[in-house]
Each structure stands twice: as C-alpha cells, then as structure tokens.
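Heads up, the sequence shown is in numbering that gives the first Met the number 0, so the first residue is 0 and it goes up one at a time. First up is the structure itself, then whatever we jot down about it.
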Amino acid sequence: MPEVTFAEIVESVLVAAVDDDFRLDISAKVVELVRFDRPWYEAYDEDAEAGTYFSWRDFEYRVKHQSRLLLPPVGERAVTPPEESYVLARSMVDFVSANDTFVRRLSPGTLLYRARTGRDVRDLERRVRAAPKAEMGPPPAHAASAARLSAAGMPMFYTALTPETACEEVASHSPYDECVVATFTVEQPLRVLDLTAIPEPMSLFDEEYTSGAGRLRDFEFYRDRMTDAFAADDSQAMEYLPSQLLTEAFRWWTAPRIHGIAYSSVAGAGGKNIALFFEDWEWIEEVGREFYRFGAPSKPTSPMPDEFEDRPVFTVDAASVTRYEVTRTVSAARTNP
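Here it is, written out as structure tokens:
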C-alpha cells in the first residue's frame, strides 16, 4: 500500500466541509501549523485525566459537602478529600508563584474607594468624616459577613477602583439611594492577583504552549465564581465556599506574597473590585492624625509582612469623603411562550 502523506489526510478530511476553491489553501495552512517535533499527547496526571471541568466540579463538591481542609498527601498520591483539594489548590498557587502572568502591581499613590449606605446618609457622612478609618475600614471581625472571598468572621478590605463601582456594589445589597464614599491611598507597593487579566487559553498548536498553559483554565473557573450571581438565600454561604478556600490558599501560600485579589464587579458593568488581605484598620493612617499600630487586647496583632516598611499601608483623608446618589433601573422580559 502506498504511503499516505499528512497533507493528503488533511485534504480528505476537508473534502466534504470546504469549498473546492479554498480547500487546497486551507489544507496547506493546516499542514504548515502542525508541529511534528512536538508530542501529540499530554503526559498523564490526575487533573489532565479528568479534565479541568471535572477537576473543578469535584473540588467544589468536596469543599461543600465533604471537607474544608487542605492537607498535603501522606502517600505518593492524593486519596482523601482534603488531599485531593490540596493538590488542585497547591498547583494553582505554585503557578502564580512561578509566573507573573496576571499579577498586578499597585504602586504608592494608587487610589482605592470604599462606600457605605444607610437610612440616614447625612448622619453617616458626619460620622465618617469624624473617624474615616474606623467607619470605612474593614468591618470588625464579629460583624464581618460571608462574602465571595472571605468567610463570616474573617474580614477583608474590599475596595473598588472607582467611586461609582464602590457605590454600585453597596447599592446592589441595599434599598437606599445614597451612599458615602471615602478615598484610600496606597502607601506601600502591593501585588494582587488580577483575575480580569487572565489570557485566553492557548491552542495546542501554539508554539508557546506548555503543559502549564492548561492550568489557566482552573483560573477561569475561579474567576467565574467571582461574577456568578447567587440567590441571596440560605444557599449563598455554601456557594461562596470554593472561592473562599482558594483565596485563603493564595493569601498564605504564595511566594512572593500577593496582597489581594482583583475581580470584575458584578453590580457595575466594566468595574473592578480589589479585595485586600488586610483585616483591620490598624493598617490605615488618617491624614493629620498620629499613627499608632497595635493589636487590640481581644486579638493578636497581624504580622507586618517582611517586604513592608514599618509604616501605614493605606492613608485616608477625611476631606476625601463625598456623597453619591444611586440611580436604579429595572427591566423585565417574558420568559414563557
């Protein structure tokens, strides 16, 4: 039997699918793109065998219904739910530690915004002007509710890149139509994992493709959990669990350290939020007031990261406090025939 060339195989596949006028050109291009010096398979590993979708689906199920621990495997391979969850989380953390692919740097002088609302917004504005870091910093631990990246009782410093986005986020959980905004200035260099900058998945035929490129798909699932709309009912806290657990892994395991997660706003189209790993207003200095940083008697002092100078990470000026009006729009569309 005569040997069949790869070009002939490609052309035979295209016969029924492509017009004769274009088939030869397309066939030649396909042949040109295929790299025969590369393997046509991926080396076996547990994630590749199941596929990223199933890997992430299984991780979510384990975290919600089996165990919320992350434990390194005791033997040669992961067996228990805590070990299997650890393998996925650890691989994602190691990818971030080894690649600056989508790590964003917040330089000193970057402005971040926090918003609050309430029944009496003018009284709230007066209180914020009098004590901006206490009123607009992270909530007290006992009052911190569950959020997309943090569990109940574990506050983070949720901010936005524009005052409008900050207001839209607050208004999406509130019936009030005015909010108070304070501006925070970054004073020390910060590194954040930017989930809005995840590149498009590479083709297997891309010359830059590596086995690590497949890991980006895990970050796509993580990113999507930041923008999924969950019903504000009893199931919401459970739906947040996978992203909360992964966020904890990124917070404590990355080297060099990252200081927060940036993600797209659900409430404001095109807006961006940044959740920063600073759980107390002891990291904030009010402009014009002497700065003291110490732990309250009821809790330990958070450790100063090694890469930071011993000074505030953020400053806030009472003069920056402003009031915004929220405009709401509602639309409806019929869904049944």
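Beta carbons are placed, not taken as given, at the ideal position from N, Cα and C, and that holds for glycine. Note that the structure is predicted; figures quoted are calculated from it, not measured.
CA nearest to the CA of proline 162, picked from Asp119, Lys271, Leu192: Within the sequence shown, numbered from 1, the residue matching residue 162 stands at position 163. The closest CA to that of proline 162, considering only Asp119, Lys271, Leu192, is found on Lys271.
Run of the beta strand (DSSP E) containing valine 179, from where it starts to where it stops: Locating residue 179 in the sequence shown gives position 180, where the first residue counts as 1. Its beta strand (DSSP E) spans residues 177-185.
8 Å contact criterion, which valine 320 and glutamate 124 should meet: CB distance rounded: What you label residue 320 is simply residue 321 of the sequence shown in a count that begins at 1. What you label residue 124 is simply residue 125 of the sequence shown in a count that begins at 1. The Cβ separation is near 6 Å, so the contact holds.
Stretch-stretch touch, CB-based, cutoff 8 Å, three pairs: the segment 129-143 with the segment 232-241: At 8 Å Cβ cutoff, the stretches do not touch.
Alanine 159 versus glutamate 59: straight-line alpha-carbon distance, rounded: Translated into the one-based positions of the sequence shown, residue 159 becomes position 160. Translated into the one-based positions of the sequence shown, residue 59 becomes position 60. Distance between the alpha carbons of alanine 159 and glutamate 59: 27 Å.
Anticipated Cβ contact below 8 Å, threonine 314 with glutamate 284, distance rounded: In the sequence shown, the residue the question calls residue 314 occupies position 315. In the sequence shown, the residue the question calls residue 284 occupies position 285. The beta-carbon separation of threonine 314 and glutamate 284, rounded to 5 Å, stays under the 8 Å limit for a contact.
Own chain residues within Cβ distance below 7 Å of arginine 288, not counting five before or after: Numbered from its first residue, the sequence shown carries residue 288 at position 289. So the list is empty, once near-sequence residues are dropped.
Within the segment 124-189, ranges of the beta strand (DSSP E) (whole runs, at least 3 residues): Correct list: 156-159, 177-185.
DSSP bridge partner residues for alanine 97 (one or two, in chain order): Reading the sequence shown from its first residue, position 98 is the one you call residue 97. Note: alanine 97 sits in no beta bridge, so no partner.
Proximity winner among Val9, Thr182, Ser264, relative to threonine 195 (alpha-carbon distances): Here residue 195 refers to the residue found at position 196 when the sequence shown is read from its first residue. Looking at Val9, Thr182, Ser264, the one whose alpha-carbon comes closest to that of threonine 195 is Ser264.
beta-carbon histidine 258 near the ligand FMN non-hydrogen atom, thresh 7 Å: In the structure on display, the ligand FMN does not appear, and there are no ligands present to speak of.
Cβ neighbours of valine 14 in the same chain (closer than 8 Å, five flanking residues each side left out): Working through the sequence shown from its first residue, we reach residue 14 at position 15. Contacts found: Arg22.
Cα-Cα separation between glycine 108 and glutamate 186, rounded to whole angstroms: Taking the sequence shown and counting its residues from 1, one reaches residue 108 at position 109. Taking the sequence shown and counting its residues from 1, one reaches residue 186 at position 187. In this structure, the straight-line span from the alpha carbon of glycine 108 to that of glutamate 186 is close to 6 Å.
Closest Cα partner of cysteine 166 within the set Asp93, Ala331, Thr326: As a position in the sequence shown, residue 166 is number 167, starting the count at 1. Of the listed residues, the one whose Cα sits closest to cysteine 166 is Thr326.
Span separating the alpha-carbon of threonine 253 from that of tyrosine 239: One-based indexing of the sequence shown puts residue 253 at position 254. One-based indexing of the sequence shown puts residue 239 at position 240. Near 21 Å, if we compare the C-alpha coordinates of tyrosine 239 and threonine 253.
Residues that serine 363 bridges to, as DSSP identifies them: Examination of residue 363 is not possible in this model, given that the chain is present from 0 through 336 alone.
Alpha-carbon to alpha-carbon, histidine 141 and serine 66: By 1-based counting over the sequence shown, the position of residue 66 is 67. By 1-based counting over the sequence shown, the position of residue 141 is 142. Cα to Cα, serine 66 sits roughly 24 Å from histidine 141.
Methionine 91 classed as buried or exposed, judged by whether at least 16 other C-beta atoms fall within 10 angstroms: Here residue 91 corresponds to residue number 92 of the sequence shown, with the count starting at 1. Buried.
Where leucine 245 falls: helix, strand or coil (DSSP): By 1-based counting over the sequence shown, the position of residue 245 is 246. Here leucine 245 sits in helix by DSSP.
Per-residue burial, alanine 97 [other beta carbons within 10 Å of its own, 16 or more giving buried]: Here residue 97 corresponds to residue number 98 of the sequence shown, with the count starting at 1. Burial is judged here by how many other beta carbons sit within 10 angstroms of a residue's own beta carbon; alanine 97 has fewer than 16 and is exposed.
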